[in-house]
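The numbering of the sequence shown is numbering that gives the first Met the number 0, which starts it at 0 and goes up by one. Here a beta-carbon is modelled for each residue, glycine too, at the ideal position from N, C-alpha and C. Reviewing the structure listed below.
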Amino acid sequence: MALNQPNKVAKATILVLSIFFASCNNSNVGQQSIQNDSKQDIAKIFGELTLDTPPEELYNLFNQFCKTYYGAERDQLIYETFGNKLEVEEDSRWDYFSEQSATIAWETNLPANTYVEYGEKGKYGFKSEVSERPFYIHVHYLKDLRPNTLYHYKLVSIDERGNKVESGDLAFHTKAIENAIHIP
C-alpha cells in the first residue's frame, strides 16, 4: 500500500525530529543550558508522534524544539563569529510591491524575531505577523493594501536578548496595473 502525500511528509518530519533529538541528546555542546524538564517534555511529545499527527502540530513541535536547543543564547560561537550587537546586514533588504500587497525581506547577523510596521500617511498603525522563532533571514507579507497608495513602513528586529533594531522610515507606492485581469 502506497503512502499518501501527508503521510510521507509526517514520516519525513518524524525522521528529521528523531535525528535532531538524538544529536542533541548525544552532544556535549550547550548541554549546561538545557533544562532536564524540557528534555523530558520534548521526549514525551516526541514519543507520541504518529503518521497521523497533523502537520501543524509537527511544525509547532519543531519550532519548540528549535527554541529549546538552538540559537545564539545556546551556542556562544554565534556571538563570537557574528558579533554581540544585532544588525541588519548591509544590502540585504529585498522587496516587491504589487497592486495590493508587498513582500519585504532582510537579513540580520544574529537570529531575531521580526515584523514590519506599516501604514498610510506616515502613520504606521499596522503590523505584520511576528516570526514564530528567531531567524537570520526574514520575509514578511503585507496584504490587503490599497492600489495607488503611498505606504510608510519600518523593519523591526529583536534578538534573543531583547535588543531591538528598527530601520528608519521607508516608503513604497502601490500602483494599479492597467488592463490587468483580476482573478478572485
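- 8 Å or more divides the Cβ of D143 from the Cβ of A111.
- The closest CA to that of K84, considering only H172, L50, T107, is found on T107.
- When DSSP reads this structure, S156 sits in a beta bridge with T113, V164.
- Here the C-alpha atom of H137 lies approximately 8 Å from the C-alpha atom of S130.
- Bounds of the alpha helix (DSSP H) holding I77 are 76-81.
- Annotation: T52 to C65 spans about 19 Å, alpha carbon to alpha carbon.
- Non-local beta-carbon contacts of G161 in its own chain, meaning distances under 7 Å to residues more than five positions away in sequence, are absent.
- From the listed residues H151, Y114, Y152, N62, the smallest Cα separation to H139 is found for Y114.
- In the structure shown, Y68 adopts helical secondary structure according to DSSP, grouped into three states.
- The residues D94, V115, H139, in chain order, have a CB closer than 6 Å to that of I103 in the same chain once the five nearest residues on each side in sequence are set aside.
- Counting every other CB atom within 10 Å of its CB across the protein chains shown gives S100 a total below 16, marking it as exposed.
- By DSSP's assignment, E106 forms a beta bridge with I136.
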